[in-house]
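Per my numbering: the sequence shown = residues 87 to 613. Read through the structure below, which is laid out as structure tokens, and then see the notes.
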Amino acid sequence: MHIDQKTFYQSNDLIRDYLEGKIPDLHGPLFSAENILKQATVREFSDQKRMVLVDSLKKQYENLELSPKVSSNIDLLLQSNVFTITTGHQLNIFTGPLFFFYKILQVINITEELNKNNQNQKFVPIFWMASEDHDFDEIAQFSIGDKKFKWKRDVQDAVGRISTEGLSEIFKEVKDCIGHDSHGALTVFEEYCKKGLLGKATLFLANELFGKYGLVIVDGDQKDLKRVFQNTLRKELVQSLAHLEIHDVISKFDKKGYKVQVNPREVNLFLLHDQKRGRIIKESEVYKIANSSLEFKEADILDLLEKQPEKFSPNVVMRPMYQETILPNVAYLGGAGEIAYWLELKSAFEKYGVPFPILVVRNSLLLVESKAEKKLNILNIELPHYLKDESVLIKEFIQTNSEELNMEQEEQLLSELQSILLDKSSAIDVSLKQAIEASLVRQKKELKRIENKFIKVLKQKKKHDIEAIQFVKNSFYPNGVFQERYENITPYLASFGLEFIDLLKGKIGAFDPKVELVFLNTNEDHT
């Protein structure tokens with residue numbers, strides 16, 4: 087049971103048009119296995135870059151236990167016919183909302199499907215950790231049911247560099263909230279809390295959860311990797327090419343009525359300094375660092391870039407270019423918000439000479455527990471209707487299931503009466519027409535008021551059905567937020583064990599764009 091992706095994004099003009107291939111100037115080939123294979127045949131990536139990438143990955147993984155698949159995939163990246171499919175995510179504590187799992191598992195599935203049916207190239211799944219973000223509030227909270235958990239810290243540094251102090255206390259609260267862990271699956275989070283820095287903790291956790299599938303995790307906050315990106319960083323500092331290109335795209339967005347996801351800066355870079363991540367602001371020939379007294383002349387900041395490239399951190403505009411510069415990547419998978427800002431970037435990529443990947447709007451899952459499943463089956467409402475506002479959904483349900491509420495005959499009679507009265511008024515005196523029309527408008531409003539009274543009474547008669555609708559709707563949209571963006575994985579792992587991840591992997595798919603329902607049962611799973 088599923089909802090087609092195009093139906094799901096029907097109200098998002100930009101993503102709908104992208105999925106339907108209506109904005110080809112904003113992207114490369116559309117997502118398909120065939121197009122990914124074609125992209126790989128023209129994707130250039132030097133042996134030197136491959137060596138730097140593999141050396142950096144081996145350093146990142148030094149103190150972790152690697153699965154045979156991860157170890158093999160890292161080594162495979164040295165080969166010229168091996169490419170990556172990538173997704174990325176913020177370092178949300180305790181993995182944050184559910185879609186963290188969905189995006190990673192779909193990338194893994196895509197690479198498995200490609201490798202199964204293709205001998206000429208090989209593909210490696212990549213998870214890019216957004217370790218240099220500094221928006222702490224975005225990563226520092228998550229929910230389990232109605233209970234919210236918040237990590238309270240005062241930090242301004244790149245989040246991958248901050249300590250995990252305080253996470254153990256939150257984990258105790260999580261265990262108390264859930265109340266059980268019969269499979270021992272939550273132990274991995276206990277270890278996660280002890281890893282010192284959030285970047286290392288997230289690398290450990292993602293490796294523990296997905297390592298058996300061969301997922302390779304990249305932390306871009308590395309000197310050797312930044313050096314590969316050095317030329318582009320220099321151009322951005324001196325020429326500000328991205329700023330002009332993206333503003334041209336934004337003008338096109340405005341004309342089409344698309345929501346603009348990202349507004350570029352003149353310099354789309356930060357400087358990492360003194361446990362802070364400060365925006366670089368160019369004023370004439372001087373580079374200032376926001377919220378600090380630091381200033382550089384052009385020669386000085388370029389000298390700093392040459393000697394310490396790791397101090398320069400790309401913002402949301404330049405980060406995708408950084409990723410595509412240091413990886414032999416052919417496709418990037420993300421949610422609607424991510425893909426929306428990638429669609430602003432293609433011309434900037436071209437200006438900097440960076441290959442632009444195929445964009446993949448990720449799939450989604452809806453986890454449906456037994457109680458909601460029973461109500462869903464009894465109500466027999468088509469799934470796409472649950473995407474509507476609750477009040478609209480209830481009204482439509484009553485209209486569909488109550489013959490008494492069918493006002494078509496009354497509306498037809500009123501329409502006929504209006505026509506007769508207007509004809510008569512015109513025959514008597516044209517000046518009467520305006521008064522008659524005003525009276526008819528009042529009659530229509532009165533009919534609508536009567537209909538609303540009917541609905542109010544019928545709501546009481548169908549109280550149990552309406553409560554069932556509200557229950558299902560709330561399970562899909564807890565507290566008004568789409569489930570995958572609200573709920574956390576921990577209660578599911580506590581109930582079903584780490585095998586729950588295998589279940590999700592089997593449902594998320596690879597190339598079939600959809601929102602899939604996953605019916606959960608303590609004894610069995612079925613769809």
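Where a beta carbon is used, it is the ideal one built from N, C-alpha and C, also for glycine.
Item: Euclidean distance between Cα positions of Y472 and L479; Value: 7 Å
Item: Simplified DSSP state of E610, which is helix, strand or coil; Value: Caution applies to E610, whose pLDDT of 43 falls short of 50 and renders its modelled position unreliable; the value that the coordinates give is listed next. Correct three-state label for E610: coil.
Item: Validate contact between the stretch 192-201 and the stretch 216-224 using beta carbons, cut 8 Å, 3 pairs; Value: no
Item: beta-carbon T172 near the ligand PLP non-hydrogen atom, thresh 7 Å; Value: Inclusion of the ligand PLP in the displayed structure is not the case, the ligand content being empty and no account of it being possible.
Item: First and last residue of the uninterrupted alpha helix (DSSP H) at I366; Value: Run containing I366: none in the alpha helix (DSSP H); it sits in the beta strand (DSSP E), K362 to E369.
Item: Limits of the unbroken beta strand (DSSP E) element including D305; Value: V302 to D305
Item: Classification of E106 by the beta-carbon crowding that lies within 10 angstroms, buried from 16 upward; Value: exposed
Item: Rounded separation between E455 and E352 - CA only; Value: 49 Å
Item: CB contact flag (S616, L431, <8 Å); Value: Residue 616 falls outside the range modelled here, since the chain spans only 87 to 613, and no answer is possible.
Item: Inter-residue spacing [alpha-carbon to alpha-carbon] between K281 and D305; Value: 15 Å
Item: Bounding residues of the alpha helix (DSSP H) (the contiguous stretch that carries P183); Value: Element bounds for P183: n/a, residue is neither H nor E.
Item: Whole beta strand (DSSP E) elements within the stretch 214-262, 3-residue minimum; Value: 227-230 and 233-236
Item: Paired residues, beta bridge with T614 - DSSP; Value: For residue 614 there is no data in the structure shown, the boundaries of the chain being 87 and 613.
Item: The stretch 123-138 / the stretch 163-173 touching (three or more Cβ pairs under 8 Å); Value: yes
Item: E322 (DSSP reduced to helix, strand or coil); Value: helix
Item: Contact under 8 Å by Cβ, F131 with P414; Value: yes
Item: F562 versus S158 - alpha carbon distance; Value: 39 Å
Item: Inter-stretch contact at 8 Å, needing at least 3 Cβ pairs: the stretch 432-452 / the stretch 178-190; Value: yes
Item: Whole-number beta carbon distance between E602 and H88, since they are thought to touch under 8 Å; Value: 5 Å
Item: Start and end residues, alpha helix (DSSP H) containing S561; Value: K549 to F562
Item: Coil, strand or helix - H266 by DSSP; Value: coil
Item: DSSP state of H113 mapped onto helix, strand, coil; Value: coil
Item: Whole-number beta carbon distance between N149 and I225, since they are thought to touch under 8 Å; Value: No, I225 and N149 are not in contact; Cβ-Cβ is about 23 Å, not under 8 Å.
Item: Reference L358, options L295, K368, Y278 and G246, closest by Cα; Value: G246
Item: Proximity below 8 Å, CB of Y438 to CB of L327; Value: yes
Item: Buried/exposed call for A385, threshold 16 Cβ in 10 Å; Value: exposed
Item: Own chain residues within Cβ distance below 7 Å of T288, not counting five before or after; Value: L177 and M215
Item: DSSP state of I506 mapped onto helix, strand, coil; Value: helix
Item: Residues near E396 in its chain [Cβ-Cβ closer than 6 Å; skip 5 each side]; Value: K309 and K312
Item: Exposure label - D598; buried when at least 16 CB within 10 Å; Value: exposed
Item: Residues near P350 by beta carbon distance below 6 Å, same chain, minus five either side; Value: A328, H329, I332 and V403
Item: Contacts around P406, its chain only, beta-carbon distance under 7 Å, and the 5 residues preceding and following it disregarded; Value: W428 and L431
Item: A521 versus E459 - alpha carbon distance; Value: 54 Å
Item: Residue burial classification, T613 (beta-carbon count within 10 angstroms, cutoff 16); Value: Note that T613 has pLDDT 40, beneath the 50 cutoff, so the model's placement of it is unreliable and no number is given.
Item: Endpoints, alpha helix (DSSP H) assigned at D161; Value: P154 to L162
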